[in-house]
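These notes are about the structure you will find just below.
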Amino acid sequence: MSFLIDSSIMITSQILFFGFGWLFFMRQLFKDYEVRQYVVQVIFSVTFAFSCTMFELIIFEILGVLNSSSRYFHWKMNLCVILLILVFMVPFYIGYFIVSNIRLLHKQRLLFSCLLWLTFMYFFWKLGDPFPILSPKHGILSIEQLISRVGVIGVTLMALLSGFGAVNCPYTYMSYFLRNVTDTDILALERRLLQTMDMIISKKKRMAMTRRTMFQKGEVHNKPSGFWGMIKSVTTSAPGSENLTLIQQEVDALEELSRQLFLETADLYATKERIEYSKTFKGKYFNFLGYFFSIYCVWKIFMATINIVFDRVGKTDPVTRGIEITVNYLGIQFDVKFWSQHISFILVGIIIVTSIRGLLITLTKFFYAISSSKSSNVIVLLLAQIMGMYFVSSVLLIRMSMPLEYRTIITQVLGELQFSFYHRWFDVIFLQ
Amino acid sequence: MASLDRVKVLVLGDSGVGKSSLVHLLCQNQVLGNPSWTVGCSVDVRVHDYKEGTPEEKTYYIELWDVGGSVGSASSVKSTRAVFYNSINGIILVHDLTNKKSSQNLYRWSLEALNRDLVPTGVLVTNGDYDQEQFADNQIPLLVIGTKLDQIHETKRHEVLTRTAFLAEDFNAEEINLDCTNPRYLAAGSSNAVKLSRFFDKVIEKRYFSRDSNQIPGFPDRKRFGGGTLKSFHYD
Numbered sequence: 001m002s003f004l005i006d007s008s009i010m011i012t013s014q015i016l017f018f019g020f021g022w023l024f025f026m027r028q029l030f031k032d033y034e035v036r037q038y039v040v041q042v043i044f045s046v047t048f049a050f051s052c053t054m055f056e057l058i059i060f061e062i063l064g065v066l067n068s069s070s071r072y073f074h075w076k077m078n079l080c081v082i083l084l085i086l087v088f089m090v091p092f093y094i095g096y097f098i099v100s101n102i103r104l105l106h107k108q109r110l111l112f113s114c115l116l117w118l119t120f121m122y123f124f125w126k127l128g129d130p131f132p133i134l135s136p137k138h139g140i141l142s143i144e145q146l147i148s149r150v151g152v153i154g155v156t157l158m159a160l161l162s163g164f165g166a167v168n169c170p171y172t173y174m175s176y177f178l179r180n181v182t183d184t185d186i187l188a189l190e191r192r193l194l195q196t197m198d199m200i201i202s203k204k205k206r207m208a209m210t211r212r213t214m215f216q217k218g219e220v221h222n223k224p225s226g227f228w229g230m231i232k233s234v235t236t237s238a239p240g241s242e243n244l245t246l247i248q249q250e251v252d253a254l255e256e257l258s259r260q261l262f263l264e265t266a267d268l269y270a271t272k273e274r275i276e277y278s279k280t281f282k283g284k285y286f287n288f289l290g291y292f293f294s295i296y297c298v299w300k301i302f303m304a305t306i307n308i309v310f311d312r313v314g315k316t317d318p319v320t321r322g323i324e325i326t327v328n329y330l331g332i333q334f335d336v337k338f339w340s341q342h343i344s345f346i347l348v349g350i351i352i353v354t355s356i357r358g359l360l361i362t363l364t365k366f367f368y369a370i371s372s373s374k375s376s377n378v379i380v381l382l383l384a385q386i387m388g389m390y391f392v393s394s395v396l397l398i399r400m401s402m403p404l405e406y407r408t409i410i411t412q413v414l415g416e417l418q419f420s421f422y423h424r425w426f427d428v429i430f431l432q
Numbered sequence: 001m002a003s004l005d006r007v008k009v010l011v012l013g014d015s016g017v018g019k020s021s022l023v024h025l026l027c028q029n030q031v032l033g034n035p036s037w038t039v040g041c042s043v044d045v046r047v048h049d050y051k052e053g054t055p056e057e058k059t060y061y062i063e064l065w066d067v068g069g070s071v072g073s074a075s076s077v078k079s080t081r082a083v084f085y086n087s088i089n090g091i092i093l094v095h096d097l098t099n100k101k102s103s104q105n106l107y108r109w110s111l112e113a114l115n116r117d118l119v120p121t122g123v124l125v126t127n128g129d130y131d132q133e134q135f136a137d138n139q140i141p142l143l144v145i146g147t148k149l150d151q152i153h154e155t156k157r158h159e160v161l162t163r164t165a166f167l168a169e170d171f172n173a174e175e176i177n178l179d180c181t182n183p184r185y186l187a188a189g190s191s192n193a194v195k196l197s198r199f200f201d202k203v204i205e206k207r208y209f210s211r212d213s214n215q216i217p218g219f220p221d222r223k224r225f226g227g228g229t230l231k232s233f234h235y236d
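Residue numbers (full-length UniProt numbering), protein chains in the order written: chain A, 1 to 432; chain B, 1 to 236.
This is the structure in structure tokens:
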């Protein structure tokens, strides 16, 4: 009976997450494009929903909300579904959409996408060989194998992202780094930009007029084709076309300059806005968070270095250790067990929320930067894939931050994976 | 040669609709071989004969300013783009016939460009919603061009074309639908070429010949004749 209740709770939460993912898709990612294939949206939302349920299960684990056996069941089911999506469906659709973009192969779309998918599976398998993750007891298509591979890729991604974020974050948030930009700077740059545009225009006018007079005189200004034509053009090139190529080169250089100026001006505007924003309350709040965050990033880098240099893996989690140190240092009577549960819960929650938020924001920015109406489908699917892998691997890594008693269920579910290997791998890539 | 008079026309639209290809086609009568993203603004010049074939024929330079980007850009990019919107004499709005969103975004594009110039009337539009009054006041000629016509299947053509006809009516503008990779659509003498030439003539007239007729007629007049753009034709 309790099993049914638990299941219904899980399912409602999954539907909630699904709806959230759908909304996010519509509002943020696809704001300027038309959704033509609903499959993409469905897949994205489903991936999002299942990833979030994994985190939800962890939180339930800590809080001890649902029945233990039903939790176990849901874990297994969740993992199966996610792996199914990540390894089978998403790559297949990615291949399908890439192939449909290429006009040549339009007719045999299915065939080519199957081929692409098989290549993907092959590389996916090969990935597992050099790493010490196989244990001879399990068969080939078991969950552990798939998870291990997904985990490897996901951990790599995570490390790359967080490494990048750790360095980028203090730079963005701290107002210490902001240059001082005045209005006169911006105006001066704008004037330069307009002057460059005027120069381009006058040159283009000359070109257009030359072309027109040449056309009226009956000369052909296209490049002469054929061998004989080329020889003729060497000796008797019309002065008009010579001029044209010269001017065209000048114009190209000027256009490059105008692009640079445009980007610089946009940069200045952005800096000016940031300065204004930092003067408001919200800005000050984020600034403070930025300091805090940058200290955290620096600490992480430090820890990663130590881990590699001294070749150790943290066995106890930082919370318990922190509390122990505090207790010993301050000599205060503390009920370690009681407090550690709550604090670890909060910490894990914060980590989860910030990582999800950071991931979504990064993905959105990335999406805006590189998408066009043709490739938007492919990119969204890639994002869904990355997101799924990211979530799976963060589950693996979160294990380190949780106290001992909660680790059991994860270890139970995931079988005998070499967790320590993952941590080391993460640290290595993070530093790079 | 550079002493000919000039007019400035903006070419606006979402990224990827084909503005650069269109501008290249209009100015150099050739198809653009390798379209790439436009960063900032690229300008091209077309030599146009005003009132061709009549004794009042005069040659003008038409500068086509192709501004890159999307309506959802960061506000810093929008502020930078705004520097190009000074003293424009005409606007060409480009949308992609295969992408409905690009047509809807045209409202926001036109508001972004027109707000810069709307100094005399001072109408403030707070959200980007479409407002008929705004366009009734508008003195700047508009032209709506739909691209990628070749990618629309025969069966859907009719519904797409009716939709774009409504769009053009909203803007009180003419519309042209074509494919930028095929110069045949703008061949001399075709109806598209005639519309284009009429649009450029209107732009030139507004800039150089309608200076004295700048006073805005009384309210009932304006409403009756459906908008400011028909004003100049009323005066002959």
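For each residue, glycine too, the CB sits at the ideal point set by N, CA and C.
With a threshold of 7 Å between beta carbons, phenylalanine 262/A makes contact with chain B. In this structure, tyrosine 60/B sits near tyrosine 50/B, with a CB-CB distance shorter than 7 Å.
A direct Cα-to-Cα measurement between valine 11/B and cysteine 41/B gives close to 10 Å. Distance check between leucine 189/A and each of Glu154/B, Val83/B, Ser110/B, Lys100/B places Val83/B closest, using alpha-carbon atoms only. Under DSSP, the beta-bridge partners assigned to glutamate 174/B are Leu143/B. Valine 9/B: not part of any alpha helix (DSSP H); member of the beta strand (DSSP E) spanning 6 to 12, first to last residue. Its chain contains Phe50 as the residues whose beta carbon lies nearer than 8 Å to that of valine 81/A, once the 5 sequence neighbours on both sides are disregarded; these appear in chain order. Linking lysine 204/A to valine 45/B through their CA atoms gives a straight-line distance of about 6 Å. Within chain A, the C-beta atoms nearer than 7 Å to that of tyrosine 61/B come from Lys205, in chain order. In the three-state DSSP reduction, valine 46/A falls in the helix class (H, G or I). A Cβ-Cβ distance of about 5 Å is found for the pair valine 94/B and lysine 19/B, placing them in contact under the 8 Å criterion. Assignment of histidine 95/B by DSSP, reduced to helix, strand and coil, places it in the strand class. In the three-state reduction of the DSSP assignment, histidine 74/A falls in the helix class, which pools H, G and I. When Thr54/B, Tyr85/B, Thr80/B are compared, the shortest CA-CA separation from tryptophan 65/B is found for Tyr85/B. For glycine 21/A, the secondary structure class from DSSP, reduced to helix, strand or coil, is helix.
Under DSSP, tryptophan 65/B takes part in a beta bridge, and its partners are Leu10/B, Val43/B.
Between lysine 195/B and isoleucine 88/B, the C-beta gap is not smaller than 7 Å, which leaves the two residues out of contact. Between the alpha carbons of serine 7/A and histidine 74/A lies a distance of about 8 Å.
Here the alpha carbons of leucine 194/A and arginine 81/B stand approximately 11 Å from one another. Following the DSSP letters along the chain, one finds threonine 196/A inside the alpha helix (DSSP H) bounded by residues 183 to 217. Listed as beta-bridge partners of lysine 58/B by DSSP are Tyr50/B. By a beta-carbon distance limit of 8 Å, valine 31/B contacts leucine 25/B. Their separation comes to about 6 Å. Below the 9 Å Cβ cutoff, chain A contributes Tyr269, Ala270, Glu273 as neighbours of serine 75/B, in chain order. The Cβ neighbour count for leucine 83/A, taken over all protein chains shown within 10 Å, is at least 16; the residue is labelled buried. At a beta-carbon threshold of 8 Å, the residues of chain A lying near arginine 46/B are Ala208, ordered along the chain. Considering only Tyr208/B, Leu143/B, Phe200/B, Ser79/B, the residue with the shortest C-alpha distance to asparagine 115/B is Ser79/B. Under the three-state reduction of DSSP output, glycine 388/A falls in the helix class. Isoleucine 11/A counts as exposed, since fewer than 16 other beta carbons sit within 10 angstroms of its beta carbon.
The criterion of a C-beta distance shorter than 7 Å is satisfied by aspartate 14/B and serine 102/B. Between arginine 191/A and chain B, the shortest Cβ-Cβ separation is not below 7 Å. Contact annotation for threonine 265/A against chain B: Thr80 [CB-CB distance below 7 Å, chain order].
Here leucine 57/A is buried. Its C-beta has 16 or more other C-beta atoms within 10 Å. Here the C-alpha atom of lysine 217/A lies approximately 14 Å from the C-alpha atom of alanine 208/A. With a 10 Å radius around the Cβ and a threshold of 16 neighbouring Cβ atoms, threonine 119/A comes out exposed.
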